[in-house]
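Q:
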Amino acid sequence: MRIKVTNIRTPVTAQPDLRAKVCRMLRLDPSEISDFRILRQAVDARKKPNVFYDYQISMEVPDGRQDLLQSAQVSLLPEAVPMHYLTWSYPHRPVVVGFGPAGMFATLYLARCHARPIILERGQKIEERKKSVARFLKEKILDPESNVQFGEGGAGTFSDGKLTTNVHSEHNAFVLREFFLHGADEDVTYLQNPHVGTDYLEEVVRNIRLEIESLGGEFHFNTCFTGFHQEENGVLHITGKPEIHFQTQHLFLGIGHSARDTIRSLYGQGLAMEAKGFSMGVRIEHPQKLINKMQYGDAARFLPPASYKGVVHLPERSVYTFCMCPGGTVMASTNDPETIVTNGMSEHSRDKVNANSALLVTVRPEDFLHDSPLDGLAYQEFYERKAFQIGGDYRAPGNLMKEFLQKTIASEVRSIHPSYPHGIVFCDLQRCLPDFVVDSLRDALPLFDKKMHGFTHPDAVLTGIESRSSSPVRILRESDRMCQTKGIYPIGEGAGYAGGIMSAAIDGLKSAIAAVNPR
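2 is the number of the first residue of the sequence shown in this note's numbering; add one for each residue after it.
1. Helix, strand or coil for residue 57, going by three-state DSSP, please let me know.
2. Ordered along the chain, which non-local residues of its own chain (more than five positions away) have a Cβ less than 6 Å from that of residue 226?
3. Going straight from the alpha carbon of residue 246 to that of residue 234, what length do you get?
4. Using only CA atoms, which one of 381, 252, 452 and 265 lies nearest to residue 435?
5. Consult DSSP for residue 10 and reduce its assignment to one of helix, strand or coil.
6. Taking all protein chains shown into account, do 16 or more other C-beta atoms lie within 10 angstroms of the C-beta of residue 6, making it buried, or fewer, making it exposed?
7. With three or more C-beta pairs closer than 8 Å as the rule, is the segment 84-100 touching the segment 61-75?
8. Please list, in chain order, all residues of the same chain as residue 260 whose beta carbon is under 7 Å from its beta carbon, the five residues on each side excluded.
9. Reducing DSSP to helix, strand and coil, say where residue 296 ends up.
10. So does the segment 429-449 actually touch the segment 373-392, counting three or more Cβ pairs closer than 8 Å?
11. Helix, strand or coil: which one does DSSP assign to residue 491?
12. Measuring CA to CA, which of 489, 232 and 144 is closest to residue 254?
13. Give me the Cα-Cα distance between residue 474 and residue 379, rounded to the nearest whole angstrom.
14. Give the DSSP-derived three-state secondary structure of residue 422 in the structure shown.
15. With C-beta atoms as the reference, is residue 258 less than 8 Å away from residue 472?
16. Starting from residue 502 and walking both ways along the alpha helix (DSSP H), at which residues does that stretch end?
17. For residue 193, I'd like the list of residues in its chain whose CB is within less than 6 Å of its CB, leaving aside the five on either flank, ordered along the chain.
18. Check each candidate in 224, 315, 470 and 198 and name the one with the smallest Cα separation from residue 329.
19. My output table needs one value for residue 358: the three-state DSSP class, helix, strand or coil.
20. Let me know if residue 142 comes out buried or exposed under the rule of 16 or more other beta-carbons within 10 Å of its beta-carbon.
21. With a threshold of 8 Å, are at least 3 pairs of Cβ atoms found where one atom belongs to the segment 338-347 and the other to the segment 154-162?
22. Cα separation between residue 442 and residue 320?
23. Are residue 264 and residue 96 closer than 8 Å when you measure CB to CB?
24. Quick check: the Cα distance between residue 31 and residue 290, rounded to an integer number of angstroms?
25. Counting pairs of beta carbons, one from the segment 396-413 and one from the segment 301-321, are three or more of them closer than 8 Å?
26. Can you find at least 3 beta carbon pairs, one from the segment 173-190 and one from the segment 206-216, that sit closer than 8 Å?
27. With respect to the alpha helix (DSSP H) encompassing residue 131, which residues constitute its N-terminal and C-terminal limits?
28. Could you give the DSSP three-state label for residue 171: helix, strand or coil?
29. Between the alpha carbons of residue 368 and residue 53, how many angstroms are there, rounded?
30. Which residue wins for smallest C-alpha separation from residue 342, given the options 282, 296 and 354?
31. For a test of the three-state rule: what should DSSP assign to residue 312, helix, strand or coil?
32. If we count the other Cβ atoms within 10 Å of its Cβ and call it buried at 16 or more, is residue 430 buried or exposed?
33. What residues in its chain sit with their C-beta under 7 Å from that of residue 508, if we drop five residues either side in the sequence?
34. Once the 5 residues before and after residue 459 are set aside, which same chain residues still bring their CB inside 6 Å of it?
35. Whole angstroms are fine: how far does the CA of residue 138 sit from the CA of residue 393?
36. Restricting to runs no shorter than 3 residues, where is the beta strand (DSSP E) found entirely within the segment 395-477?
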């Protein structure tokens, strides 16, 4: 029988022999154990200076050892939910628009069902895309079609590759294991806060594409989806540029939250949409050593770079951290010329000097909604352009913590050097963010400091603006995961149904399963 053992605590100062420890705990002979696996590894730093690793493991033991179940730490482990691949039975091949996490996992499932999917991606293959991104970061020459937002792998490819999610799905373990099988470290399958790292994501994305191609998938890079027309028999005619034409009965729209032109085009073609809330704010940078000490105390020297997560609920708004990148950099992440968009990125080693995180304030539809469900797109654009105008190039607006809280403007960098690649221009951040965002940040920061002492370090750098944490639009779909226009499946972040790599991957996967196995 397979059992799960929980609450296995070990000091962080040494790498434990978990198998031996479990044998001692449960009075088992090592010969009685097989298929020993770590299910979860977390750091428990709630009672510093006593900091521990907390493990959950699974293993096979003889069926006759029912006595083990009398321990509060032991339970039977349910069997994993199997993934079923039925054979594609439709006359037309499915078309998937966008090869970010949602499109990637939808396509992977469809390919394994012998559907021979067709993939349209407006950006480049990962190899060429990396060069385009590097050119923008070094020379400020932006390719609007292939950049940090667009291209193979989606926007998450140039992030930390975090695989955390609040989505509780039977498919979580499947997605994590696929990342491992395609090139990520095995620890993504069990760490409390797994991450791949942007340097490893290149290999993962490429390997998933190669598997899909080996199964008959057909990729069209540098190809922008432009629209569809549906015949009376339900067949969809798909167009794109450069000029392409495909027929399908299943169109998956994994367009990403930054494909504003595509969202506007789809709205014009009659897809029902609604405005949804999103968030805006800044990137905050601290020394990673400060975060390590804050989170782990003296035990920090034994542990990998620390992360944090926090939220403050003000009377009118919530302010929260998002996409925290230990040992990372603040990225120049725009896809539109003459706009500023920031995001965070870490490599697998997370070995850079600074830690950074988005510090965001909730934005509600009533803040921007006037005439159209697309008003949130224009709202984002307005402030992104204002941010660009402050420097007149791709330098980002920013300030230091002390001056920001005192409502003054810093004159020079002090002990913490910004990692944003194009440099920053010190300014009043109200010039590029709504007043309520800046006011909420000022109100919340002292409250964050009470939870994480040192968070309001006077030299901490605030870099603007972060405006693309999620889409301000949702493409409406019904219980069958299709729009009112049958055969069209909106998926992932751009459609308004996800907020990160994992949730987007799961959303795309579930829609593909629904298409192959309609109820």
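Virtual Cβ for every residue (Gly too), placed ideally from N, Cα, C. All values derive from a computational prediction rather than experimental measurement.
A: Taking the coordinates as given:
1. strand
2. 98, 121 and 241
3. 18 Å
4. 381
5. strand
6. buried
7. no
8. 495
9. helix
10. yes
11. strand
12. 489
13. 11 Å
14. coil
15. yes
16. 502-517
17. 43
18. 198
19. strand
20. exposed
21. yes
22. 7 Å
23. no
24. 41 Å
25. no
26. yes
27. 127-140
28. coil
29. 45 Å
30. 282
31. strand
32. buried
33. 103, 492, 493, 498 and 499
34. 402 and 403
35. 16 Å
36. 397-401, 425-427, 462-467 and 474-476
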